[in-house]
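Enquirer: Numbering (our numbering), first residue to last: 75 to 161. Below are the structure tokens for one structure; questions will follow.
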């Protein structure tokens, strides 16, 4: 088990499992909010095609969490709209 940070909160996850699986195991169901209507989005397709699971991971927006593996120390943030690069 490794530690990752989600919106400032530390959670435990299995290294190598999809980020989305770790989030669901920790009762985190909202990954992003849409740009125009500010509606919440979460798991939909689970195979990396729909981008409803997109989040900001280590400062990079639009990361598909259903197909991206957990690595120790990751910092994950809920994405609002299109997300922004963090430098």
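We put the beta carbon where it would ideally sit given N, CA and C, even for glycine.
For residue 77, is the classification buried or exposed, using 16 other Cβ atoms within 10 angstroms of its Cβ as the cut-off for buried?
Expert: With fewer than 16 other Cβ atoms within 10 Å, it is exposed.
Enquirer: Would you kindly work out how many angstroms separate the C-alpha atoms of residue 111 and residue 121, rounded to a whole number?
Expert: When rounded, the distance between both Cα atoms is 25 Å.
Enquirer: Measure the Cβ-Cβ separation of residue 104 and residue 150 and say whether it is below 8 Å.
Expert: Not in contact: residue 104 and residue 150 (Cβ atoms no closer than 8 Å).
Enquirer: What is the residue span of the beta strand (DSSP E) that residue 78 lies within?
Expert: Taken as a continuous stretch (DSSP letters only), the beta strand (DSSP E) holding residue 78 covers 76-80.
Enquirer: By a C-beta neighbour count over all protein chains shown, 10 Å radius and 16 as the cutoff for buried, is residue 148 buried or exposed?
Expert: Flag for residue 148 reads buried.
Enquirer: Near residue 90, what residues of its chain come up, given a Cβ to Cβ distance below 8 Å and the 5 sequence neighbours on each side ignored?
Expert: Hits under 8 Å: 143, 144.
Enquirer: Return the CA-CA distance between residue 153 and residue 106, expressed in angstroms with no decimal places.
Expert: Spanning the two alpha carbons is a distance of roughly 4 Å.
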